[in-house]
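Participant: Have a look at the structure that comes next, please.
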Amino acid sequence: MKKKITQTLLPIIIGLLTMMQFACSDDNKSGGSGNGPLKLTTFYPDSGYLSSKIIIEGENMGTDASKLSVYFNKKKGFVSQAAGNILMVYAPKLPGDICDISVVKGTDSLTFDNKFRYISRFTVENICGKEGSGLSVGGDLASTTFENWKLKVGCCDPEGNYYACYSNFGGNTGGLALISEKNNLSKHITKIIVNDVLYHNETGKIYALATKRNIIYEIDPNNDWKAKARYLKLPDPPAKQVDYDRAACIAYCPANGYFYARTGTQQLFRFKLEDMICEYVKDDKYNGAQTSEENHFILSMMFDPTDPTQLYTSYGSASCITVQDVSKPESEEVVYAGNFNVRADGDATQVINGYRTDCLFSWNNQMSIVSDDSGQKIMYVADSGTQTIRKIDMISGMVTIAVGRQKVQGNQSGTPLEATFNWPKGVGLTPEGDLYISDSGSGCIRKLSLRSP
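For what it's worth, our numbering labels the leading residue of the sequence shown as 828, then goes sequentially.
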């Protein structure tokens, strides 16, 4: 009880003290005009979370907050007040673990010698779904449910809506569902089973790959999410037969305007929206590690947002992630992370992390890459068999568990160390940097998000 009272009163006390400082500051004595050269003295506290209040002391900072900018590394904080020798600024989202704080006024730019330590606080929560329920899509999120083991991959649009594929192998029900926290609703986009879905930045539309058909659904969020069937075609005459009706996943390359797709029969092909004509590229090198045809469909692809000719493929059946440069036809597909055909076993004490080519995956599925101006570049991987979301630091190459407890199945919410999953398959990145997670075994859509204290 005492702890709760302290946690409640502490921000209030800090706020009151800050207001007193601003109220008592004398603009004439403290460089309130802001005409002299900018000087920095100190800032406090020296660590904090998202939206923590940081006080900066100095000289000649002026009283117009709109003329001042404060950066935590390369991310801009919100300057709320200026009083000549004091600034109040709020810490931005995820600027990096150790930050340089810089103040910019006109042509003046100064950086503190000492560092600010940014503390990330994440939490996992259920957005919709309930274990052991049937399918109920269309209505508010509290009443939205999915059958266990049917959720697959998903993606987000710029509004933060999540599009979830759902079906099971050999099943006759499934489709694509819209999950909108902003509007508190779910909606059937299509009741035809789809294997994969992506948001296209250039057209502003969603594209979903139908299962065992030559159909790509084009979905317009600005037209009540209407779905239009577009049909893949073979060239005439075909240079090589493309099994487009066995396509398992798609990815869009902004560098050349092609969609790339992989099939359950180990082919990589490409097409453009203009004509939908499929061109054979090459055979898969790493697909087909298992004999079951179903396992050939456990894969996901994406292009690197900062290096858009680099195609990453997650092969769940082969326990590895590969990379290849599609701008160079002769470029080899090589293992980027994991070990080909070496899967993490059922031992919860097994060491599965480490450098990316030394780590182990188990039925790894969808990936999402977070890259921002803070210099960080992270790949998140839904690693179904270990019951975790894995994190690859693409700068250092180190692999860790971002959230979840290794080999512990469940549906528990909470901190990354407390939360549990049941065969997570999809990870969709929101514009705010949060992750929606399709937790297949529990039939729930989960969310990993940053929170302030």
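The beta-carbon is built from N, C-alpha and C at its ideal position, and this holds for glycine as well.
Exposed or buried, what is Gly858 when buried is set at 16 or more other beta-carbons lying within 10 Å of its beta-carbon?
Facilitator: Stepping through the sequence shown from its first residue, residue 858 is reached at position 31. In this predicted model, Gly858 has a pLDDT of only 48, less than 50, meaning its place in the structure is not dependable; the value taken from the coordinates is given anyway. It counts as buried.
Participant: With DSSP as the reference, identify every bridge partner of Tyr1107, one or two as the case may be.
Facilitator: Walking along the sequence shown from the start, residue 1107 turns up at place 280. For Tyr1107, which the question treats as bridged, DSSP gives the partners Phe1096.
Participant: Among the candidates Glu1008, Cys1076, Cys983 and Ser1276, whose CA atom is the shortest distance from the CA of Asn1028?
Facilitator: As a working mapping, residue 1028 is identified with position 201 in the sequence shown. Ranking the options by Cα distance to Asn1028, first place goes to Cys983.
Participant: Reducing DSSP to helix, strand and coil, say where Lys942 ends up.
Facilitator: Sequence index remark: in the sequence shown, residue 942 carries index 115 (1-based). Looking at Lys942 - three-state DSSP - the assignment turns out to be coil, as it is neither helix nor strand.
Participant: Please report how far the alpha carbon of Ile1077 lies from the alpha carbon of Ala1004, in whole angstroms.
Facilitator: Working through the sequence shown from its first residue, we reach residue 1077 at position 250. Working through the sequence shown from its first residue, we reach residue 1004 at position 177. C-alpha separation (whole angstroms): 18 Å.
Participant: Rounded to a whole number of angstroms, what is the C-alpha to C-alpha distance between Asn862 and Thr1133?
Facilitator: Here residue 862 is taken as the residue at index 35 of the sequence shown, counted from 1. Here residue 1133 is taken as the residue at index 306 of the sequence shown, counted from 1. In a straight line, the C-alpha of Asn862 is about 41 Å away from that of Thr1133.
Participant: Have a look at Ala1074, Cys926, Lys866 and Pro864 and flag the residue whose alpha-carbon is nearest the alpha-carbon of Ile881.
Facilitator: The residue given as residue 881 occupies position 54 in the sequence shown. Taking only the C-alpha atoms, the option nearest Ile881 is Cys926.
Participant: May I have the straight-line CA-CA distance separating Tyr1026 from Gly961, to the nearest angstrom?
Facilitator: Here residue 1026 refers to the residue found at position 199 when the sequence shown is read from its first residue. Here residue 961 refers to the residue found at position 134 when the sequence shown is read from its first residue. Taking the straight line from one Cα to the other gives about 28 Å.
Participant: According to DSSP, Gln908 sits in a beta bridge with which residue or residues?
Facilitator: Within the sequence shown, the letter at position 81 stands for residue 908. Gln908 is bridged to Met915.
Participant: Tyr898 and Ser878 - do their beta-carbons sit closer together than 7 Å?
Facilitator: Residue numbering aside, residue 878 sits at position 51 when the sequence shown is read from its first letter. Residue numbering aside, residue 898 sits at position 71 when the sequence shown is read from its first letter. No, Cβ-Cβ distance for Ser878 and Tyr898 is not below 7 Å.
Participant: Roughly how far, in whole angstroms, is the beta-carbon of Phe943 from the beta-carbon of Ser874, given that I think they are within contact range, below 8 Å?
Facilitator: In the sequence shown, the residue the question calls residue 943 occupies position 116. In the sequence shown, the residue the question calls residue 874 occupies position 47. Yes, Phe943 and Ser874 are in contact; Cβ-Cβ is about 7 Å, under 8 Å.
Participant: Out of Leu1100, Lys903, Ile1216 and Gly1224, state which residue places its alpha-carbon closest to the alpha-carbon of Lys1032.
Facilitator: The residue labelled residue 1032 in the question sits at position 205 within the sequence shown. That would be Leu1100, whose Cα lies nearest to the Cα of Lys1032.
Participant: Just to check my reading of the structure: Tyr1207 and Met1194 have Cβ atoms closer than 8 Å, yes? What is that Cβ distance to the nearest angstrom?
Facilitator: As a first step, residue 1207 is located in the sequence shown; it is residue number 380 there, counting from the start. As a first step, residue 1194 is located in the sequence shown; it is residue number 367 there, counting from the start. The pair is a contact, with the Cβ atoms about 7 Å apart (cut-off 8 Å).
Participant: Go ahead and pull the three-state DSSP assignment for Gly966.
Facilitator: As a working mapping, residue 966 is identified with position 139 in the sequence shown. Correct three-state label for Gly966: strand.
Participant: Measuring CA to CA, which of Leu1095, Cys1105 and Thr1030 is closest to Asp1111?
Facilitator: By 1-based counting over the sequence shown, the position of residue 1111 is 284. Checked all of Leu1095, Cys1105 and Thr1030; the closest Cα to Asp1111 is Leu1095.
Participant: I'd like the span of the beta strand (DSSP E) that includes Gly863, first residue to last.
Facilitator: Here residue 863 refers to the residue found at position 36 when the sequence shown is read from its first residue. Gly863 -> no beta strand (DSSP E), and no H or E assigned at all.
Participant: By DSSP, does Gly1268 sit in helix, in strand, or in coil?
Facilitator: Against the sequence shown, residue 1268 aligns to sequence position 441. Three-state result, Gly1268: coil.
Participant: Return the first residue and the last residue of the beta strand (DSSP E) that Ser1240 is part of.
Facilitator: Here residue 1240 corresponds to residue number 413 of the sequence shown, with the count starting at 1. Careful: Ser1240 lies outside any beta strand (DSSP E) and carries neither H nor E.
Participant: Measuring only the C-alpha atoms, how far is Val1197 from Leu1262?
Facilitator: In the sequence shown, the residue the question calls residue 1197 occupies position 370. In the sequence shown, the residue the question calls residue 1262 occupies position 435. Approximately 10 Å, taken between the alpha carbons.
Participant: Is Ser929 near the ligand MG - that is, is its Cβ less than 6 Å away from at least one heavy atom of it?
Facilitator: With respect to small molecules bound, the structure shown includes none, and the ligand MG cannot be examined in it.
Participant: What residues in its chain sit with their C-beta under 8 Å from that of Tyr1182, if we drop five residues either side in the sequence?
Facilitator: Within the sequence shown, the letter at position 355 stands for residue 1182. Contacts found: Gly1224, Met1225 and Val1226.
Participant: Is the CB-CB distance between Asp935 and Leu865 below 7 Å?
Facilitator: One-based indexing of the sequence shown puts residue 935 at position 108. One-based indexing of the sequence shown puts residue 865 at position 38. In contact: Asp935 and Leu865 (Cβ atoms closer than 7 Å).
Participant: Are there 16 or more other CB atoms within 10 angstroms of the CB of Arg1278, so buried, or fewer, so exposed?
Facilitator: Against the sequence shown, residue 1278 aligns to sequence position 451. It counts as exposed.
Participant: Kindly indicate which three-state DSSP category Lys903 falls into: helix, strand or coil?
Facilitator: Numbered from its first residue, the sequence shown carries residue 903 at position 76. Strand at Lys903.
Participant: Assuming Thr950 contacts Gly1241 (C-beta within less than 8 Å), just tell me the rounded distance between them.
Facilitator: If you number the sequence shown from 1, residue 950 lands on position 123. If you number the sequence shown from 1, residue 1241 lands on position 414. At roughly 7 Å, the Cβ-Cβ gap stays under 8 Å, so Thr950 and Gly1241 are in contact.
Participant: Where do the N-terminal and C-terminal ends of the beta strand (DSSP E) with Gly885 fall, by residue?
Facilitator: Here residue 885 is taken as the residue at index 58 of the sequence shown, counted from 1. Residues Lys880 to Glu886.
Participant: Which of the three DSSP states, helix, strand or coil, is assigned to Ala1171?
Facilitator: For the purposes of this step, residue 1171 is taken as the residue at position 344 of the sequence shown. Of the three classes helix, strand and coil, the one that applies to Ala1171 here is coil, per DSSP.
Participant: Just the C-alpha distance for Ser1276 and Asn975, rounded to the nearest angstrom, thanks.
Facilitator: Mapped onto the sequence shown, residue 1276 falls at position 449. Mapped onto the sequence shown, residue 975 falls at position 148. Taking the straight line from one Cα to the other gives about 23 Å.
Participant: Report yes if the C-beta distance between Gly1255 and Tyr989 is below 7 Å; otherwise report no.
Facilitator: Taking the sequence shown and counting its residues from 1, the one referred to as residue 1255 is at position 428. Taking the sequence shown and counting its residues from 1, the one referred to as residue 989 is at position 162. In contact: Gly1255 and Tyr989 (Cβ atoms closer than 7 Å).
Participant: Quick check on Lys932: buried or exposed, where buried means 16 or more other Cβ atoms within 10 Å of its Cβ?
Facilitator: The residue labelled residue 932 in the question sits at position 105 within the sequence shown. With 16 or more Cβ atoms within 10 Å of its Cβ, Lys932 is classed as buried.
Participant: Just to confirm the assignment, what range does the beta strand (DSSP E) spanning Phe1188 have?
Facilitator: Walking along the sequence shown from the start, residue 1188 turns up at place 361. From DSSP, Phe1188 is part of no beta strand (DSSP E); its letter is neither H nor E.
Participant: On the criterion of 16 or more Cβ atoms from any shown chain inside 10 Å, does Arg948 qualify as buried, or is it exposed?
Facilitator: As a first step, residue 948 is located in the sequence shown; it is residue number 121 there, counting from the start. Exposed is the call here.
Participant: Just verifying my parser: in three-state terms, what is the DSSP assignment at Thr971?
Facilitator: Residue 971 sits at position 144 when you count from the first residue of the sequence shown. Thr971 falls in the coil class under three-state DSSP.
Participant: Between the C-alpha atoms of Val1161 and Ile1179, what's the straight-line distance to the nearest angstrom?
Facilitator: For this step, residue 1161 is matched to residue 334 along the sequence shown. For this step, residue 1179 is matched to residue 352 along the sequence shown. Answer to the nearest angstrom: the Cα atoms are 20 Å apart.
Participant: Looking at Lys920 and Ser1201, is the spacing between their C-beta atoms short of 7 Å?
Facilitator: By 1-based counting over the sequence shown, the position of residue 1201 is 374. By 1-based counting over the sequence shown, the position of residue 920 is 93. Not a contact, by the Cβ cut-off of 7 Å.
Participant: State the Cα-Cα distance for the pair Ala1229 and Gly889, rounded to the nearest angstrom.
Facilitator: Counting from one through the sequence shown, the residue named residue 1229 turns up at place 402. Counting from one through the sequence shown, the residue named residue 889 turns up at place 62. Cα to Cα, the separation comes out at about 43 Å.
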